[in-house]
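Visitor: This is the structure I want to talk about, given as structure tokens.
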Amino acid sequence: MRYISTRGKSPKLNFDQVVLTGLATDSGLYLPENWPCFNKREILDFQNCSYSEIVYRTVLPFIGDSIPKKIFKKIINKSYKKFRHEEIAPLFEIEKDLWMMELFHGPSLAFKDFALQLLGGIFDYLLKKNSERITILGATSGDTGSAAIEACKDKDMMDIFILHPHKRITKIQRKQMTTVDSPNVFNIAIKGSFDDCQDLVKKLFSDTDLGRQKKLSSINSINWARIIGQIPYYFYATAKLNLLDSGISFCVPSGNFGNAYACYVSKIIGLPVRKIIIGSNRNDVLTRFFTGGSLKLSNVVATLSPSMDIQISSNLERYLFEIFNRSGSKTAKNLESLRMNGRIEISKNNLLKIRKTFEAYKLDDNGTLQNIKKVYNDTGRIIDPHSSVGFYSAIEAGKKSSVPIVTLATAHPSKFPQAVRTAIKIKAKLPRNISDSLERKEKYDILPNDFDLVKNYISTKSSFGE
Ligand SMILES: *Cc1c(COP(=O)(O)O)cnc(C)c1O
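Going letter by letter, the sequence shown gives residues 0 to 465 in numbering that gives the first Met the number 0.
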């Protein structure tokens, strides 16, 4: 399979190159030149498959012959062995025609483990194959950092450096990163904000010195391998609930639009997805886009669902590319307009097209807390703030839906104990093995918000490239 850039000006690449490159040279995002297709028979057959087998069958067409089949199977099995629930993505019926799929049983307790665990294994294999070493660098406001560290720890071919804002993430979030005892994991607490961390990372990436010395790489959500790891659970839910004939809708609490885009890809490649329902918090840029057709940026506000506090949903570019009939120049022009004027306008026709598939809702912090309480009172289930935004949106969409809806629970409630306690006066308990491991000694260094010091830290700590 060959991959093309959404902005039309980068060379076509194969899977290896796309995964190791991340962003295209024309600043676009890579996606497949042609979509694979699953027919009804093939999907029906998934009913008898384990989760890992469904991952194997749905992801294989995107990988082509970059990884031998036997090895790919091993990578998958290893990735999902670390999940604490035997069904990997368990489904629960909440009320008639409304299901919840729990995606938080991975090592870092958030759905990002589904893609990052797989990505870690794929990276490691490709790097060994090419005898390459890389240094992974990222900034986190909480969830992504711990999922990335869990995915990269103890891997031979990479070091990982994660910057987080000192004293501005929760204790659990910090401990999830800093108690990981692996020689290739480096946590840096920056005396500054999340934006400061992100600015430092951007500058470090554009530093040619460091780039040459360390071969920096990123595993943020624009990497194509992050998308493919999020496709299988949509197939899994549809097959297990036997909704291949009636059709199914999914509700996705969204920020960077990676998860919802993976749902859209599932639809393109053959899954009978009727509606993709987007849930936003007060950072509602996606909701405004999918209801009104105009993408207009505003300032990010902090909410109880921090992993959705995003204004520029990078993966939306991949969807826009399809809406613009795969025209790279049109996509580039519109993204340029977003950068210059802070907005993109979609034609009436395109808006109609979009609304055939997408619906969107939003919920503020107050509503998020009330909804956590309502779900607890009605069902006895404790949900986290992100899942609460999704749940509310699914209920709203359900009022006019003719097919069953599956709403995604994206984080374990114990990751957000304060919000849960405020809503229902109950302490959400961490799973036992996690609370034990968080008692281990923490390892991290505190650095000032200073480019030269951070750069020096990375070039001396990292174990290769000298
Ligand atoms: C990252 C994240 C989201 C948002 O997912 P996107 O793919 O960025 O839209 C939602 N919930 C949780 C818990 C997350 O960590």
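Where is the CB? At the ideal position from N, CA and C, for every residue including glycine.
From a predicted model like this one, the values you see are computed outputs, not experimental measurements.
Beta-carbon separation of I159 and L446 under 8 Å?
Guide: Going by C-beta atoms, I159 is not nearer than 8 Å to L446.
Visitor: Check each candidate in L294, L368, R342, K8 and name the one with the smallest Cα separation from G389.
Guide: Comparing Cα positions, the closest option is L368.
Visitor: Looking only at C-alpha atoms, which of A146, F91, W223, G137 sits nearest to L22?
Guide: Answer by Cα proximity: W223.
Visitor: What is the C-beta distance between I42 and F249, in whole angstroms, given that I count them as a contact (C-beta under 8 Å)?
Guide: Between F249 and I42 the Cβ distance is about 15 Å, and since that is not below 8 Å, they are no contact.
Visitor: Got a sec? Which residues, its chain only, sit under 6 Å from L108 by beta carbon, not counting five neighbours each side?
Guide: If we look at L108 and ignore the five residues flanking it on each side, its Cβ neighbours are H411, K414.
Visitor: Measure the CB-CB distance between V18 and L125 and report whether it falls below 8 Å.
Guide: A contact, by the Cβ cut-off of 8 Å.
Visitor: Within 8 Å, do at least three Cβ pairs link the stretch 202 to 220 to the stretch 176 to 187?
Guide: In short, these stretches do not touch, since the Cβ pair count stays below three.
Visitor: Under the rule that 16 or more other beta-carbon atoms within 10 Å means buried, what is T406, buried or exposed?
Guide: Under this definition T406 is a buried residue.
Visitor: In the DSSP output, what is Y360 paired with across the bridge?
Guide: Looking at the DSSP assignment, Y360 forms a beta bridge with G278.
Visitor: Decide if E379 is buried, meaning its Cβ has at least 16 other Cβ atoms within 10 Å, or exposed.
Guide: Inspection of the sequence shows that residue 379 is occupied by Gly rather than by Glu. G379 is exposed by the Cβ-count criterion.
Visitor: So V388 is in the alpha helix (DSSP H); what residue range does that whole segment cover?
Guide: 384 to 397 is the span of the alpha helix (DSSP H), which, as asked, contains V388.
Visitor: For the alpha helix (DSSP H) containing C262, name the first residue and the last one.
Guide: That run of the alpha helix (DSSP H) goes 257 to 267.
Visitor: So for W223, helix, strand or coil by DSSP?
Guide: W223 falls in the helix class under three-state DSSP.
Visitor: Could you compute how far the alpha carbon of A331 sits from the alpha carbon of I66?
Guide: Taking the straight line joining both Cα atoms gives about 32 Å.
Visitor: Please report the residue range of the alpha helix (DSSP H) in which K170 lies.
Guide: Start and end: 170 to 177.
Visitor: If you run the structure through DSSP and keep just helix, strand and coil, what is M0?
Guide: Looking at M0 - three-state DSSP - the assignment turns out to be coil, as it is neither helix nor strand.
Visitor: My parser needs the alpha helix (DSSP H) runs of 4 or more residues fully inside the stretch 40 to 96; what are they?
Guide: Those alpha helix (DSSP H) runs which fall completely within the stretch 40 to 96 and span 4+ residues are 50 to 62, 68 to 80.
Visitor: If I measure Cβ to Cβ from T139 and keep anything under 6 Å in the same chain, skipping five residues before and after, which residues do I get?
Guide: So the list reads I161, H163, once near-sequence residues are dropped.
Visitor: Give a single yes or no on whether T409 has its beta carbon closer than 7 Å to a heavy atom of ligand 1.
Guide: The answer is yes for T409.
Visitor: Regarding L241 and ligand 1, is the C-beta to nearest heavy atom distance less than 7 Å?
Guide: Checking the displayed sequence, the identity of residue 241 turns out to be Asn instead of Leu. Because no heavy atom of ligand 1 lies under 7 Å away, the Cβ of N241 does not count as near it: no.
Visitor: To the nearest angstrom, report how far apart N455 and G144 are at their CA atoms.
Guide: Using only the alpha carbons, I get a separation of about 21 Å.
Visitor: For M339, which three-state DSSP category applies?
Guide: Note: M339 maps to helix in three-state DSSP.
Visitor: Taking all protein chains shown into account, do 16 or more other C-beta atoms lie within 10 angstroms of the C-beta of H385, making it buried, or fewer, making it exposed?
Guide: Per the 10 Å Cβ criterion, buried.
Visitor: I'd like to know whether the C-beta atoms of L199 and F450 end up nearer to each other than 8 Å.
Guide: Taking 8 Å as the Cβ cut-off, L199 and F450 qualify as a contacting pair.
Visitor: Just to confirm, does G379 get its C-beta within under 7 Å of one of the non-hydrogen atoms of ligand 1?
Guide: No, the beta carbon of G379 sits no closer than 7 Å to any heavy atom of ligand 1.
Visitor: Who are the Cβ neighbours of G141 in its own chain at under 6 Å, not counting the five residues just before and after it?
Guide: Cβ within range, chain order: I168, Q172, P305.
Visitor: Could you tell me whether the Cβ atoms of I226 and V264 are closer together than 8 Å?
Guide: Against a cut-off of 8 Å, the Cβ pair of V264 and I226 comes out as a contact.
Visitor: Buried or exposed: which applies to V453, given that a residue is buried once 16 or more other Cβ atoms fall within 10 Å of its Cβ?
Guide: So V453 counts as buried.
Visitor: Could you tell me how far apart the beta carbons of L319 and N333 are, in whole angstroms, since I believe they sit closer than 8 Å?
Guide: So it is a contact: roughly 6 Å between Cβ atoms.
Visitor: Got a sec: does ligand 1 put a non-hydrogen atom nearer than 7 Å to the Cβ of S306?
Guide: It does: the Cβ of S306 is within 7 Å (strictly closer) of some heavy atom of ligand 1.
Visitor: Taking only three categories from DSSP, how would you classify M307?
Guide: Residue state, collapsed to three classes: helix.
Visitor: Grouping DSSP H, G and I as helix and E and B as strand, with all else coil, what is G464?
Guide: For G464, the predicted model reports a pLDDT of 46, less than 50, meaning its position is unreliable and no value from the coordinates is stated.
Visitor: Report the rounded CA-to-CA distance for I3 versus A359, giving the unit in angstroms.
Guide: The straight-line gap from Cα to Cα measures roughly 29 Å.
Visitor: Could you name the residues that DSSP lists as bridge partners for M156?
Guide: In DSSP, M156 forms no bridge with anything.
Visitor: Less than 8 Å between the CB atoms is what I'm expecting for D444 and K361, so what's the real figure, rounded?
Guide: Contact doesn't hold; Cβ gap of about 39 Å is too wide.
Visitor: Per DSSP, which residues does N186 bridge with? Please list them.
Guide: Paired residue(s): I161.
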